[in-house]
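Participant: First the structure, which I've put down as structure tokens, then a few questions once you've had a look.
Protein chains: 2
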Amino acid sequence: MNGADSLLAALEHNGVTTCFANPGTSEMHFVAALEGATRIRGVLGLFEGAVTGAADGYARMTDQPAATLLHLGPGLANGLSNLHNAVRAHSPVVNVIGDHASYHRALDAPLTSDIEGTARPFSHWVRTSSGERALASDVADAVTVARRGRVASLILPADAAWNEVPRDGVPPTALEAPRPRVDALAAEAAARHLHEAGERGAILLGGRTPRAEALEAAARIAAATGASLLTGTFAARVSRGAGRFTAQKVPYAVDAAQEFLSRFDTLVLVGAQPPVAFFAYPTKRSTLTAPGTRFIELCGDTTRAQLPLEAVWEALPESARAAAPAAAPLAVPGAAELPAGTLTPQKIAAFLAHAIPEDAVVVDESLTTGWAFDSATRGARPHEWLNPTGGSIGWALPVATGAAIACPERKVIALESDGSGMYMPQTLWTQAREGTDVVTLVFANRKYQILRNEMANVGVEHVGERAGQLLDLDRPTLDWVSVARGFGVPAERAETVEELSAAFARALAAQGPALVEVVL
Amino acid sequence: MNGADSLLAALEHNGVTTCFANPGTSEMHFVAALEGATRIRGVLGLFEGAVTGAADGYARMTDQPAATLLHLGPGLANGLSNLHNAVRAHSPVVNVIGDHASYHRALDAPLTSDIEGTARPFSHWVRTSSGERALASDVADAVTVARRGRVASLILPADAAWNEVPRDGVPPTALEAPRPRVDALAAEAAARHLHEAGERGAILLGGRTPRAEALEAAARIAAATGASLLTGTFAARVSRGAGRFTAQKVPYAVDAAQEFLSRFDTLVLVGAQPPVAFFAYPTKRSTLTAPGTRFIELCGDTTRAQLPLEAVWEALPESARAAAPAAAPLAVPGAAELPAGTLTPQKIAAFLAHAIPEDAVVVDESLTTGWAFDSATRGARPHEWLNPTGGSIGWALPVATGAAIACPERKVIALESDGSGMYMPQTLWTQAREGTDVVTLVFANRKYQILRNEMANVGVEHVGERAGQLLDLDRPTLDWVSVARGFGVPAERAETVEELSAAFARALAAQGPALVEVVL
């Protein structure tokens, strides 16, 4: 066997079953070795951002790393922006980045660049393999790192991939993710301060923590203390809908967020930082909480935040623990209750409350179209909601693809903006090829509406024609139906609630991907 | 005026007239300031790779920097792979990368990342502006650096953009590019060794050096000494066609290149490194010249290589200087001489010899389809030919866009592979919006043919189904006509020489962009 065989055997041994790939010449031995690594599914992306974003989506749904395969420094570079989102989501990812043969690097061939330096700003762990005999343990180390919610980047010199290695038994085994640490003092402080704060207390779940179990544990504390249950604006994954315990989302807009958070003077942070503005503005404060707010950091970002939250519950006075929280009741409007006619963000929100299927995964990059979705869909059928954690757009199509490959039994609904969707539209081709069950709604307002809003926020009252042309997506109008069909994905256009409803039903009934251009 | 106004005034003062942009919230003051900077044309790209690639194309045709405008670390990251190509082409580029306000960085908002660390592997110069009062001199420094054929990355904190600065007269002036240094000893050595080597000598022009004037100067030396005139496989820009002095291109394939170069024992390097293989292969040497070849480095990569070459000419014996080189005769096949029927790479090469219009700019990412184009088009109407210097694919559509904006009076012909074109297809929208006169031919072989070839080169004889699916672009077939129309670019499909000829004529006759999917 050669190094590439050894690397893939180590991935298989450590439970990696999916490799999102965009290979080049230096990765040909890896690709050839994939032929024999039958427990690993290779998925081709036509662009590296599709590859890394898919790995993020896969990780969010499985809590296990997929591998990526990327071609040298520039291939890695194309994948960085979605790695940024993965880093911010604490998604486990193992990147394998092919490099020139070790002896070839010094020749400075055209594709040579500083791969380690390129990986470092968007990886928790970077290693250039020292050679073919190290690859199996490199993989074990990378998987160990990734399982802690981190991005591991392993650089694979081509000669390490093609050199022969002895077949010497079972590859090294990666460590499991550690159990989240329960800080008894922090739990006791949280219990005491929430109890004292009453309605001025809140529990803020960020990152990967707002899963059903943790939300239930937090809701019990909230019921017992009078505290509010909050999630970060862009939590990586939230369990939502009927039967779940609802958390309020911290608003995106700075003024609204500051107003909302001003009612709290005690915040228990669960996988969250003290909330700050996404951007700075000349005349606004960057922190969102009131000065003097007390923060209690209960735990870091973990998929099992119920453990530290249960410790808070245990630390509450016996008397308080009698109160029981109420789960969200089912509140799915029937077809007859839906609004009609031309589409608005509010009507789309109502439609989603009606339409989200049970156990769906909603991948939300709707931005300005979607501000009303959160409150409208709290009583929808139970589902998981993924948010763009790092703010780098072009995220939803790749993440939806990876989530669908991770969960073939679930419907995935991608809520995409036309501006954001244009970053990585070729991702649709991978959906078509893999038959992923993704229904994409592209909200076509034909401008960077968020930037139009932000112009006002930064104090620019009048946007002239020259500046405005950097904010609008008309001239020419993007035809998403034509683009999607070109990539092999069935598509249609909807301009009314009725058309959206019919198109969505057709898309949902079919197996495989579909896209609806939702014209606003 | 605020810092952004000051920055744009400094760009205007230093002759920067084009800004390729993909802005976000942190760049809103820059965008607002563009309203008043009427000498700068803002061009919106829907993805940052389109932005940086366009700046590369613009630079190759003007030898002056365009500015880019990029949004934070992830926006920069999306532009890196085409910056890699620009770095390798010694293209002057000034990147302006918006950052959070300086006081906001420490809060670690979601879009925060290490921008300097991200820029460094793909920039010659990186600076975070110290504030609004430094911006005008930051720009002068960045333009000075760029004019030396370098990528300068200036990071613009949002508060530096929005803070007020005094209007204090004329901004600092950037230095012009220095005159290329003529190394008299190297010129004398080149003359002596070429004279001695006779037919075993060669002059290799790489990078930006193979312009008409330098090719003529080199051709005179070649005629006087018996040396051959060569260009690098992927020289940044080559003046070609009838009336120009033809250089032979070093072949891409390692075996062919080694065979070709084995006939030389003396190589004068003009803006070139000793030729090496693009990739390493298990059983091939990585250097392309024979062991013991003598290299004489005449000069670095410059747009005025005729100056050092003229010094070589002066150093030749008087007697040798009588011989005159012959320019390429016009050899344009008439329509009646063209092959007919279904398309092959050879037929397309013959068609291009017929079809390239006078003064065209050809942007060539045809890869496996295009190996025969070089020899077939040596007698075409005079034109400039741009090559992908850094090997990062997804290069041609953006570079063609920038070249067309730089040269509105010229036709730009983009020769694109279907695999490479899929990296940044949204670039077509910018072409449609700006009305760029670009005719794109997409060669649709529906696979990564180069990787199929490379599999054999790395010693894999049989590619199985599981590995093969990472090399093929069928299932589903990409419909480039539908994709292009979706982005607003007129498109048609050609399956024969006759159809290609008719479609190309229509595309050329129209103003604005057009695309032909050339099915192989």
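Chains as they are written, first to last, in the UniProt record's numbering: chain A, 1 to 520; chain B, 1 to 520. The beta carbon of each residue, even a glycine, is placed where N, CA and C say it ideally should be.
#1: Within this structure, are the beta carbons of A/Pro275 and A/Thr303 separated by less than 9 Å?
#2: Let's see if you can read the secondary structure: which residues bound the alpha helix (DSSP H) around A/His193?
#3: Cα separation between B/Met28 and A/Glu492?
#4: Where do the ends of the alpha helix (DSSP H) carrying A/Gly486 lie?
#5: Using the three-state DSSP reduction, which class does B/Lys249 fall into: helix, strand or coil?
#6: Pick out whichever of B/Arg60, B/Tyr58, B/Glu48 and B/Gln64 has its Cα sitting closest to the Cα of B/Ala77.
#7: Which two residues bound the contiguous beta strand (DSSP E) that contains B/Ser417?
#8: Could you spell out where the alpha helix (DSSP H) holding B/Asp255 opens and where it closes?
#9: Counting only Cβ pairs nearer than 9 Å, list the residues of chain A close to B/Asn78.
#10: If you draw a straight line from the C-alpha of residue 529 of chain B to the C-alpha of A/Thr25, how long is it?
#11: Would B/Ala235 pass as a contact of B/Asn95 if the rule is Cβ separation under 9 Å?
#12: Kindly list, in the order they appear in chain A, the residues whose Cβ is closer than 7 Å to that of residue 533 of chain B.
#13: From A/Ser81 to B/Asp138, what distance separates their C-alpha atoms?
#14: Residue range of the beta strand (DSSP E) that B/Asn14 falls in?
#15: For A/Glu164, which option in A/Gly73, A/Leu7 and A/Ala59 has the closest C-alpha, if you only look at C-alpha atoms?
#16: Quick one: which unbroken alpha helix (DSSP H) runs of 4-plus residues sit fully inside the segment 33-101 of chain B? Chain order, please.
#17: Taking the alpha carbon of A/Pro329 as the reference point, which residue from A/Val399, A/Arg240 and A/Val363 has its own alpha carbon closest?
#18: On a Cα-Cα basis, can you pick out the residue from B/Gly300, B/Asp56, B/Val268 and B/Ala253 that is closest to B/Thr287?
#19: Any C-beta of chain A within less than 9 Å: which residues of the segment 480-492 of chain B qualify?
#20: Could you list which residues in chain A have their beta carbon closer than 7 Å to that of B/Glu454, in chain order?
#21: Specify, as a first and last residue, the run of the alpha helix (DSSP H) that A/Ala218 falls within.
#22: For A/Asp114, return the contacting residues in chain B, with the cut-off set at a CB-CB distance below 9 Å.
#23: Using a Cβ cut-off of 9 Å (strictly closer), state whether A/Ala190 contacts chain B.
#24: With three or more C-beta pairs closer than 8 Å as the rule, is the segment 125-143 of chain B touching the segment 491-509 of chain A?
#25: Could you confirm whether any beta carbon from chain A is found closer than 9 Å to the beta carbon of B/Arg433?
#26: Which residue wins for smallest C-alpha separation from A/Val51, given the options A/Thr427, A/Pro282 and A/Ile356?
#27: Got a sec: which bits of the segment 128-152 of chain B sit with their beta carbon under 8 Å from any beta carbon on chain A, in order along the chain?
#28: Does A/Trp162 have its Cβ less than 9 Å from a Cβ in chain B?
#29: With 8 Å as the C-beta to C-beta threshold (strictly closer), list the residues of the segment 246-263 of chain B near chain A in chain order.
#30: Measuring only the C-alpha atoms, how far is B/Ala320 from B/Arg263?
#31: Rounded to whole angstroms, how far is the Cβ of A/His100 from the Cβ of A/Thr112, which I believe are closer than 8 Å?
#32: Following the continuous beta strand (DSSP E) through A/Leu441, name the residue where it begins and the one where it ends.
#33: Let me see if you follow: with CB-CB separation under 9 Å, is A/His195 close to chain B or not?
#34: Can you give me the C-alpha to C-alpha distance between A/Trp313 and A/Glu176, rounded to a whole angstrom?
#35: Between which residues of its own chain and B/Ser129 is the CB-CB distance below 7 Å, once the five residues before and five after are set aside?
#36: For B/Leu261 and B/Thr293, I'd like the C-alpha separation in whole angstroms.
Facilitator: To lay it out plainly:
#1: no
#2: Ala184 to Ala197
#3: 34 Å
#4: Trp480 to Gly486
#5: strand
#6: B/Glu48
#7: Run containing B/Ser417: Val412 to Ser417, per the beta strand (DSSP E) assignment.
#8: Val254 to Leu261
#9: Gly49, Ala77, Asn78, Leu80, Ser81, Ser392, Gly394 and Tyr423, listed in chain order.
#10: Since the first residue shown for chain B is 1 and the last is 520, residue 529 of chain B is missing from the structure and cannot be characterised.
#11: no
#12: Limits of chain B in this structure are 1 at one end and 520 at the other, which puts residue 533 of chain B out of reach.
#13: 27 Å
#14: Counting along the chain, no beta strand (DSSP E) covers B/Asn14, and no H or E run does either.
#15: A/Leu7
#16: Correct list: 48-62 and 72-88.
#17: A/Arg240
#18: That would be B/Ala253, whose Cα lies nearest to the Cα of B/Thr287.
#19: Trp480, Val481, Ser482, Val483, Ala484, Arg485, Gly486, Phe487, Gly488 and Val489
#20: Thr25 and Met28
#21: Ala212 to Thr225
#22: Arg120, Pro121 and Phe122
#23: Taking CB atoms only, A/Ala190 has no neighbour in chain B less than 9 Å away.
#24: no
#25: yes
#26: A/Thr427
#27: none
#28: yes
#29: none
#30: Their backbone Cα atoms lie some 22 Å apart in a straight line.
#31: 6 Å
#32: Val438 to Ala444
#33: no
#34: 27 Å
#35: Around B/Ser129: Leu135, Asp138, Leu154, Ile155, Leu156, Pro157 and Ala160.
#36: 10 Å
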